[in-house]
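The structure appears right after this line, and notes come after that.
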Ligand code: HEC
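Numbering (our numbering), first residue to last: 27 to 202.
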């Protein structure tokens, strides 16, 4: 490769880095949560998430049995850890859910019942970078992660007893 081409590449990289640094330093890359994500940012984030899920989400089925005990354990864990962002059975968002960047889906309305178990489990265990979706791997046991997965997977087809437990999770919407 000629010296000229190498110098050209080096100059382009330097200009790119310096340009990026100046844009960030002067506040031209927005850091606020109350804006709409630009198309490029959305595309990059989605692509990275899809590729990571494909590589890392377990392919195995849910190891915990589908019964009232595990469903209700999942609902109780959801009540304490998730409802504040993903809503209760009335699907009415909390102020926190509305203010997040990315918005937290209200799972009663936009559920994940059609997703594979391993994908739901991955979301709960690892969270999603820069979105507010926390990783629960460090705080919940593997059994609890799968009980939550079981509940989300069957949210639209709960047994009568589990449905009662789900309906009794208090709404996350602000009380007016
Ligand atoms: C502080 C808010 C917050 C909490 C608490 C939270 N999440 Fe999330 N969650 C989010 C956000 C925001 C997203 C969207 C991430 C994205 O856009 O990729 C998300 C995404 C998800 C998804 C993927 C949804 C989809 O449509 O693919 C699942 C599943 C999920 N969360 C489950 C849970 C569970 C289960 C808990 C509790 C153990 C929980 N989340 C707690 C904010 C939260």
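Idealized CB from N, CA, C, for every residue including glycine.
Since we're looking at a predicted model, the values are computed, not measured.
Query: Beta carbon of residue 96 nearer than 8 Å to that of residue 143; Result: no
Query: CA nearest to the CA of residue 136, picked from 158, 45, 151 and 112; Result: 112
Query: Check: residue 160 C-beta below 7 Å from any heavy atom of ligand 1; Result: yes
Query: Element boundaries [alpha helix (DSSP H), containing residue 199]; Result: Here residue 199 belongs to no alpha helix (DSSP H), and DSSP marks it neither H nor E.
Query: Touch test, the region 159-175 against the region 52-72, Cβ-Cβ under 8 Å, three pairs minimum; Result: no
Query: Residues of its chain near residue 200, where Cβ-Cβ distance is below 8 Å and the 5 sequence neighbours each way are ignored; Result: 120 and 121
Query: Simplified DSSP state of residue 41, which is helix, strand or coil; Result: helix
Query: heavy atom of ligand 1 below 7 Å from residue 99 C-beta; Result: no
Query: Beta-carbon proximity check, residue 148 vs residue 83, cutoff 8 Å; Result: yes
Query: DSSP bridge partner residues for residue 154 (one or two, in chain order); Result: 159
Query: Three-state secondary structure (DSSP) of residue 125; Result: helix
Query: Nearest neighbour of residue 128, chosen from 115, 184 and 59 [CA to CA]; Result: 59
Query: Close-in-space but distant-in-sequence residues of the same chain around residue 61 (CB under 8 Å, 5 per side omitted); Result: 127
Query: Rounded C-alpha distance that separates residue 195 from residue 178; Result: 14 Å
Query: Beta-carbon spacing of residue 169, residue 90 below 8 Å; Result: yes
Query: Assigned exposure category for residue 68 - 16 Cβ within 10 Å defines buried; Result: exposed
Query: Residue 53 burial status per 10 Å Cβ neighbour count (16 or more: buried); Result: exposed
Query: Under the three-state DSSP convention, the category residue 46 falls into; Result: helix
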